[in-house]
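Asker: A single structure is presented below for examination.
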Amino acid sequence: MAEQEQRKIPLVPENLLKKRKTYQALKATQAKQALLQRKGKGLRFKQLEVKPHDLELPDKYPLAFVVRIERIDGMRLLVQIIARLHLKKIFSVETYVTWGFPNLKSVRELILKHGQSVVKNKIIPLTDNTVIEEHLGKVGVICSEDLIFEFAFPGKHFQEILLFLCLFHLSVARHATKNRVGFLKDMGTPGYRGECINQLIHQLN
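Residue numbering for the sequence shown follows the working numbering, starting at 516 and increasing by one per position.
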């Protein structure tokens, strides 16, 4: 009987070994990221359950002003949608915005500088009181000062005035310095800042 030939272990090509090693490293990284995301969601929901006590809106502040201080390109899709819906759920995007209560002076400066409206499919600045009276005279607003006052102290016609005004962007320096997270250093951190929002409005207006 002939001797059995010694079995040879097949060799794996080096390029396949490298691909296998890269694939294993990728799977390990994905598993780690998935674990961190699950932990992050749990922590976020737990934080949302604790409502800050100092955020109860006092009666003397009828109007709140929200400023986005982080680029929307860096947000997740869900946050982008909320932002484009005029921030109806502010605490869902609080990590991207800062907000507080503007005074009459800040509202006046914003509207006088950025106030615009769409008239006959054209965006025009609100420099003519005739235009204001033509569109808002039915609610008792006939000039820019009426518009500013009604906007700063919202009443039953606030929605009509809000729809009359166009959205606008605040002025940010092109070469403004940013921190590691992406927030503008001169603008401070996101979140609630009360009446200090007026300083930021003056800075960006």
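Ideal placement from N, C-alpha and C gives every residue a C-beta, glycine not left out.
(1) Assuming the contact rule is C-beta atoms closer than 8 Å, Ile626 and Phe666 should be a hit. Round their C-beta distance to whole Å, please.
(2) Just the Cα atoms here: how many angstroms apart are Ala549 and Lys653?
(3) Measuring alpha carbon to alpha carbon, tell me which residue in Lys671, Leu551 and Leu651 is nearest Val488.
(4) In angstroms with no decimal places, state the Cα-to-Cα distance between Gln718 and Cys711.
(5) Taking DSSP as the reference, what is the three-state secondary structure of Thr642?
(6) Secondary structure at Val656, three-state DSSP: helix, strand or coil?
(7) Excluding sequence positions up to five away, which residues of its chain have a Cβ less than 6 Å from the Cβ of Gly630?
(8) Kindly examine the ligand GDP and report whether one of its heavy atoms sits closer than 7 Å to the Cβ of Glu648.
(9) Any idea what DSSP makes of Lys542, helix, strand or coil?
(10) Check Lys620 in the structure and name its three-state DSSP category.
Answerer: Working from what's here:
(1) The C-beta distance from Ile626 to Phe666 rounds to 7 Å, short enough to fall under 8 Å.
(2) Ala549 and Lys653 have their alpha carbons spaced roughly 56 Å apart.
(3) Residue coverage of the chain in this structure runs from 516 to 720, which leaves residue 488 outside it and unanswerable.
(4) 11 Å
(5) The answer is coil: DSSP assigns Thr642 none of H, G, I, E or B.
(6) coil
(7) Leu641
(8) The ligand GDP is absent from the structure shown, which contains no ligands of any kind.
(9) helix
(10) helix
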